[in-house]
Amino acid sequence: MPPEAPRTEPRSAAAPPLTLSPEVAEALDAGAPVVALESTLLAHGLPRPDNRAAADDVEAAVRAGGAVPATIAVLDGVPHVGLTAAQVDRVCADPDLAKLGVRDLPVAAALGLSGATTVSSTALLAEAAGIGLFATGGLGGVHRQSAETFDESADLTALSRTSLAVVCAGVKSILDVPATLERLESLSVTVVGYRTRTFPGFYVADGGAQLDWSVESPEQAAAVLAARRELAPGAVVVANPLPADEQLDPALHDRVIADALGAAEAAGVRGKAVTPFVLDHLHRASDGATLAVNVRLVLRNAELAGRIAAALAAAAR
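Mapped onto our numbering, the consecutive letters of the sequence shown carry residue numbers 19 to 335.
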């Protein structure tokens, strides 16, 4: 029997047409839990060929949490929500795959281009598909030189406009974490810690800022998202820190980041080029330990997102 064809369906005049994989379409029709996953992590965040194995591991973690994974990418101008194994192979193998934020989606669609989706574009496409949970590693945020460069991730404004929950390990610690939390507050994005009142710093459990709210279970996180949807558009950020024994050594982390930022300044690296420069420096200076931490936290976030999605679906029955 031939495999079931993907389903393409326009959601509304304001939303892009989407191609849903048969598994994702069936799950959404049945009201079953689904978790969106970004593809930029695979195309640009992890080295080849490690990224291909990680893609399977992250989807398996979502399933372990009780939900259907929906990795999102744009292929030949068409947003795909849920990828086949061959499509994942393509995303992981193509070194020229574009990085697509929300602002880039119209160009890719109009010109028939392919690209991996960032947090902002994944959130937009997930909401358009009717998916309530999204798992990622760390959010973008306000950069440390933002007073001079005005460099702030599009993730923040995108989350203020999309009604879903994002499970993450905070924001990347090379950013200005307190300023990022201030912007999220200004944008009325709900932020809760998962079993913590300390906002995580991606590689480390403590990002140096405190939170007003926390939840203790997937059911509580699902209830917060349901209440948010009733009140106003906008996302719920569920900040899920690594356990202390799985984080990057905090002393090594602080020292290497300080060295990396100094090296970027000396090399004249500015604006959006700072983040990849510093991340590469971190990877080399830690002998690859940051990569292992990155994969661990993504897997933990994916499983927790699956559990929250399952709780959300159960509450809706």
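Think of the CB as a built atom: it goes at the ideal place given N, C-alpha and C, for glycine as much as any other residue.
Along the alpha helix (DSSP H) that carries alanine 88, what are the first and last residues, could you check?
-> Indexing the sequence shown from 1 puts residue 88 at position 70. From DSSP, alanine 88 is part of no alpha helix (DSSP H) but of the beta strand (DSSP E) over 86 to 93.
By DSSP, does glycine 280 sit in helix, in strand, or in coil?
-> Start at 1 with the first residue of the sequence shown, and residue 280 comes out as number 262. Helix.
Nearest-angstrom Cα separation, counted from alanine 240 out to alanine 334 = Counting from 1 along the sequence shown, the entry for residue 334 is found at position 316. Counting from 1 along the sequence shown, the entry for residue 240 is found at position 222. Cα to Cα, alanine 334 sits roughly 10 Å from alanine 240.
Just the C-alpha distance for glutamate 237 and valine 209, rounded to the nearest angstrom, thanks.
-> Within the sequence shown, residue 237 is the residue found at index 219, counting from 1. Within the sequence shown, residue 209 is the residue found at index 191, counting from 1. Between glutamate 237 and valine 209, the C-alpha separation is close to 16 Å.
Output yes or no for whether 8 Å exceeds the beta carbon distance between threonine 293 and isoleucine 149.
-> Numbered from 1 along the sequence shown, position 275 holds the residue referred to as residue 293. Numbered from 1 along the sequence shown, position 131 holds the residue referred to as residue 149. It is not a contact, given that the beta carbons lie outside the stated cut-off.
If you follow the beta strand (DSSP E) that leucine 38 is part of, which residue opens it and which one closes it?
-> Position 20 of the sequence shown, counting from 1, holds the residue named residue 38. Leucine 38 -> beta strand (DSSP E) spans 36 to 38.
Excluding five sequence neighbours on each side, which residues of the same chain lie with their C-beta closer than 7 Å to the C-beta of aspartate 94?
-> Against the sequence shown, residue 94 aligns to sequence position 76. The answer, listed in chain order, is Gly130, Ser132.
Take threonine 180 and list the residues in its own chain whose beta-carbon comes closer than 8 Å to its own, dropping the five residues that flank it on each side.
-> Residue 180 sits at position 162 when you count from the first residue of the sequence shown. Same-chain partners within the cutoff: Ala141, Leu142, Ala144, Glu145, Pro251, Gly252, Ala253.
Element boundaries [alpha helix (DSSP H), containing phenylalanine 217] | Numbered from 1 along the sequence shown, position 199 holds the residue referred to as residue 217. Note, phenylalanine 217: premise wrong, no alpha helix (DSSP H); beta strand (DSSP E) at 216 to 219.
Own chain, CB closer than 7 Å to alanine 284, minus 5 neighbours either side, in chain order = Numbered from 1 along the sequence shown, position 266 holds the residue referred to as residue 284. If we look at alanine 284 and ignore the five residues flanking it on each side, it has no Cβ neighbours.
Would you tell me roughly how many angstroms separate the C-alpha atoms of arginine 246 and cysteine 186, rounded to the nearest one?
-> Stepping through the sequence shown from its first residue, residue 246 is reached at position 228. Stepping through the sequence shown from its first residue, residue 186 is reached at position 168. One C-alpha to the other measures close to 18 Å.
Reduced DSSP category for alanine 253 - H, G, I as helix; E, B as strand; rest coil = In the sequence shown, the residue the question calls residue 253 occupies position 235. In the structure shown, alanine 253 adopts coil according to DSSP, grouped into three states.
Among Asn319, Ile326, Ser178, Val222, which one has its Cα closest to the Cα of glutamate 203?
-> By one-based count along the sequence shown, residue 203 stands at place 185. Checked all of Asn319, Ile326, Ser178, Val222; the closest Cα to glutamate 203 is Ser178.
When you compare only the Cα positions, how much space is there between lysine 117 and alanine 61?
-> In the sequence shown, the residue the question calls residue 117 occupies position 99. In the sequence shown, the residue the question calls residue 61 occupies position 43. Approximately 8 Å between the Cα atoms of the pair.
Count the other C-beta atoms from every protein chain shown that fall within 10 angstroms of the C-beta of alanine 262, then say buried if there are 16 or more, exposed otherwise.
-> One-based indexing of the sequence shown puts residue 262 at position 244. Label assigned to alanine 262: exposed.
Classification of glutamate 321 by the beta-carbon crowding that lies within 10 angstroms, buried from 16 upward = Within the sequence shown, numbered from 1, the residue matching residue 321 stands at position 303. Counting Cβ neighbours within 10 Å, glutamate 321 comes out buried, since at least 16 surround it.
With a cut-off of 8 Å on the beta carbons, I'd call aspartate 277 and alanine 303 a contact; round off their distance for me.
-> Position 259 of the sequence shown, counting from 1, holds the residue named residue 277. Position 285 of the sequence shown, counting from 1, holds the residue named residue 303. That belief holds up - the Cβ atoms of aspartate 277 and alanine 303 are roughly 7 Å apart, short of 8 Å.
Whole runs of the alpha helix (DSSP H) within the region 293 to 331, excluding any shorter than 4 residues | Those alpha helix (DSSP H) runs which fall completely within the region 293 to 331 and span 4+ residues do not exist here.
Apart from the five residues on each side of it in sequence, which residues of its chain come closer than 7 Å, Cβ to Cβ, to valine 96?
-> For this step, residue 96 is matched to residue 78 along the sequence shown. Taken in chain order, the residues that qualify are Thr37.
Buried or exposed by the 16-neighbour rule on C-beta atoms within 10 Å, applied to methionine 19 | Along the sequence shown, one-based indexing puts residue 19 at 1. Low per-residue confidence applies at methionine 19: pLDDT is 46, beneath 50, and the placement is therefore not dependable, though the value from the model is reported in the following sentence. Per the 10 Å Cβ criterion, exposed.
Go through its chain and collect everything with a Cβ distance to alanine 79's Cβ below 6 Å, but skip five positions before and after it.
-> Here the question's residue 79 lines up with position 61 in the sequence shown. Answer for alanine 79: Leu317, Ala320, Glu321, listed in chain order.
Report, in whole angstroms, the separation of the C-beta atoms of threonine 89 and serine 139, which I expect to be a contact under 8 Å.
-> Numbered from its first residue, the sequence shown carries residue 89 at position 71. Numbered from its first residue, the sequence shown carries residue 139 at position 121. 13 Å between Cβ atoms; not a contact.
In its own chain, which residues sit with a C-beta less than 6 Å from the C-beta of alanine 45, not counting the 5 before and 5 after it?
-> For the purposes of this step, residue 45 is taken as the residue at position 27 of the sequence shown. A distance below 6 Å between beta-carbons, with the five flanking residues on each side excluded, links alanine 45 to the following residues of its chain, in chain order: Val52, Val86.
Per-residue burial, serine 249 [other beta carbons within 10 Å of its own, 16 or more giving buried] = Counting from 1 along the sequence shown, the entry for residue 249 is found at position 231. Residue 249 is actually leucine in this sequence, not serine. Leucine 249 sits exposed, since fewer than 16 C-beta atoms from the chains shown fall within 10 Å of its C-beta.
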